[in-house]
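Numbered according to our numbering, the sequence shown spans residues 165 to 568.
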Amino acid sequence: MEEQSKYAFGVDVGTENVRAVALEVQNPETVKVIAYGEAKNMRGMRKGIVTDLSGPAEAVDKALKIVESMSGVNVDHAYISINGSHLSSEKVSGMIAVSQSSGITEEDLDRLEDTAMSGRISSNRRVLDVVPLNYTLDGQGGIRSPKGMMANKIEMVANVVSGLAPNIDALGRAMALANLEALRFVPAVIASARAVLTEKQMENGACVIDFGSATTSIAVYDEGDLQYLGVVPAGANNITKDLAISLELNTEVAEEIKLRFVTPDFAETGKEVTLRHAGETISFSQDEVNTIVKERIVDIFAHINEHLRRAGYAQKLPEGAVIVGAGAKIKGLAGLAKEQLKMATRIGVPGAGLSGIIEDIERPEYAAAIGLAQMMADDGRFSGMGEMKEKKPFDLLGFLKKKK
Ligand SMILES: Nc1ncnc2c1ncn2[C@@H]1O[C@H](COP(=O)(O)OP(=O)(O)OP(=O)(O)O)[C@@H](O)[C@H]1O
Ligand SMILES: [Mg+2]
């Protein structure tokens with residue numbers, strides 16, 4: 165009998181861009197990218213947070229239509245990215261007594277987790293993940309997996325990832341409008357880490373930095389686990405705004421200048437550049453452009469350094485930093501980031517271990533969407549099986565009418 169295909173989907177809902185990826189898992193060794201799609205998020209999000217449901221719903225609907233027509237598979241459930249400076253991680257600890265007779269059970273570990281968490285996360289926050297960091301059994305620390313071991317007393321330290329409940333709810337509602345059910349919300353930078361870091365790098369100590377349009381986030385890994393999560397509410401779009409203000413141009417021209425006229429490694433040229441835009445001739449100094457872009461990047465990475473210090477990992481990550489997000493495509497960014505972070509820095513390319521139509525998405529901006537789909541496959545929560553259902557078209561007008 166032919167084995168049924170299993171599918172996993174990742175949808176990265178960014179402030180400016182929605183990116184979706186579909187994976188087909190034939191057996192654990194063959195994981196194929198079968199479709200990908202993206203759509204501009206024109207409105208309805210600020211700094212990673214949904215401010216109007218219909219904007220991201222429409223963008224997700226568009227991206228999924230591309231994925232569905234490319235793959236012929238119905239995307240009904242997915243792992244979805246979440247972002248914004250409301251996201252954080254905090255360490256919690258707890259201790260319980262256990263019965264000596266049968267060894268430590270799953271139920272004991274659940275009870276320990278409940279004890280460690282109780283009253284630690286405020287009621288307006290929702291827990292997205294609990295990462296057990298280590299266990300101590302009758303005073304013996306450093307235990308990774310205590311199930312089945314014998315002890316009178318067990319203690320745990322865990323890292324709890326959480327976000328503001330209203331922001332998570334709003335994202336879920338926007339997805340529901342696009343007929344998509346979120347199986348899990350994962351901070352975008354954590355999903356990216358799944359796609360660009362190896363287990364060994366996570367073990368030795370590394371961080372992933374997602375340089376997006378309106379946010380820059382960091383996830384620090386050590387001893388195989390997530391140690392810290394932080395989000396800076398500024399990204400590559402702030403560079404565009406700085407250019408627009410300093411050069412007294414509108415943001416459309418400023419964006420074009422950012423994409424076309426930053427010299428590799430911000431090298432001085434002494435050149436005056438002339439650009440035609442919408443019938444107008446615009447002149448500017450290339451060195452001034454480089455300086456403005458560089459200053460904003462330095463400022464963002466100073467905030468990232470602040471997070472690293474808070475995490476206790478500034479200049480303490482042997483595997484260095486991996487930068488993802490479309491902002492990572494600024495020429496010379498890795499070099500500048502390395503100077504600021506004082507550690508090995510490279511641009512993250514997702515797709516290791518995947519086959520299929522991967523070439524077009526082996527780019528830093530696809531790390532989160534690919535990582536989300538990989539996490540869904542890792543967790544064995546496959547979807548999209550069976551016949552392609554007739555999907556309700558996205559009814560934006562109806563939605564807007566109802567809202568009034
Ligand atoms: N080649 C490039 N060079 C420089 N910047 C680029 C390039 N391509 C895209 N960008 C910038 O990257 C930003 C978009 O990044 P990305 O798509 O990762 O953001 P997002 O995921 O929508 O936002 P966020 O993660 O902050 O919610 C824009 O500011 C865009 O100008
Ligand atoms: Mg993003």
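For every residue, glycine included, the Cβ atom is placed at its ideal position computed from N, Cα and C.
Asked: At a cut-off of 6 Å, is isoleucine 494 close to ligand 1 when judged by its beta-carbon and the heavy atoms of the ligand?; Found: yes
Asked: By how many angstroms is the C-alpha of proline 514 removed from the C-alpha of threonine 362?; Found: 11 Å
Asked: Run through the DSSP bridge pairs and tell me what tyrosine 200 is partnered with.; Found: Val185
Asked: When you compare the stretch 376-384 with the stretch 222-240, are there three or more beta-carbon pairs, one atom per stretch, that lie closer than 8 Å?; Found: no
Asked: When you compare the CB positions of proline 310 and leucine 297, do they come within less than 7 Å of one another, or not?; Found: no
Asked: I need the boundaries of the beta strand (DSSP E) containing aspartate 293, first residue and last residue.; Found: 289-301
Asked: Is it the case that the CB of alanine 322 approaches a heavy atom of ligand 4 more closely than 6 Å?; Found: This structure lacks ligand 4; its bound ligands are ligand 1 and ligand 2.
Asked: Entirely within the stretch 495-548 and at least 4 residues each: give me those alpha helix (DSSP H) ranges in chain order.; Found: 497-505 and 531-542
Asked: Write down the C-beta distance between leucine 497 and isoleucine 487 rounded to the nearest angstrom, noting that I regard them as a contact closer than 8 Å.; Found: 7 Å
Asked: Let's see if you can read the secondary structure: which residues bound the beta strand (DSSP E) around serine 169?; Found: Premise fails: serine 169 is in no beta strand (DSSP E) and is neither H nor E.
Asked: Would you call aspartate 274 buried or exposed, if buried means 16 or more other Cβ atoms sit within 10 Å of its Cβ?; Found: exposed
Asked: Which value, in whole angstroms, describes the spacing of the CA atoms of asparagine 247 and glutamate 188?; Found: 26 Å
Asked: Kindly indicate which residue of Met313, Lys317, Gln391 and Ile260 has the alpha-carbon position closest to the one of valine 325.; Found: Gln391
Asked: When the Cα of valine 105 is compared with those of Leu335, Gly283 and Val294, which residue comes out closest?; Found: Outside the shown range of the chain, which is 165 to 568, sits residue 105, and nothing can be said about it.
Asked: Answer yes or no: do glycine 399 and lysine 196 have a C-beta to C-beta separation smaller than 7 Å?; Found: no
Asked: Which partner residues of glutamine 304 appear in the DSSP bridge assignment?; Found: Leu301
Asked: According to DSSP, is methionine 165 helix, strand or coil?; Found: Model confidence at methionine 165 stands at a pLDDT of 47, short of 50, so the residue's coordinates are unreliable and nothing is read from them.
Asked: Does the stretch 499-509 come close enough to the stretch 196-206 to have 3 or more Cβ pairs within less than 8 Å?; Found: no
Asked: What residues in its chain sit with their C-beta under 6 Å from that of arginine 460, if we drop five residues either side in the sequence?; Found: Asn402, Ile403 and Asp406
Asked: Given leucine 505, which residues of its chain have a CB within under 6 Å of its CB, disregarding the five upstream and five downstream residues?; Found: Ala485
Asked: In whole angstroms, what separates the C-alpha of phenylalanine 430 from that of asparagine 454?; Found: 5 Å
Asked: Within 6 Å: the Cβ of glycine 491 and any heavy atom of ligand 2?; Found: no
Asked: Cα separation between valine 214 and alanine 357?; Found: 23 Å
Asked: In whole angstroms, what is the alpha-carbon distance linking alanine 532 and alanine 359?; Found: 7 Å
Asked: Taking the C-alpha atoms as reference points, what is the distance between serine 218 and lysine 435?; Found: 45 Å
Asked: Would the beta-carbon of valine 185 fall within 7 Å of that of alanine 342?; Found: no
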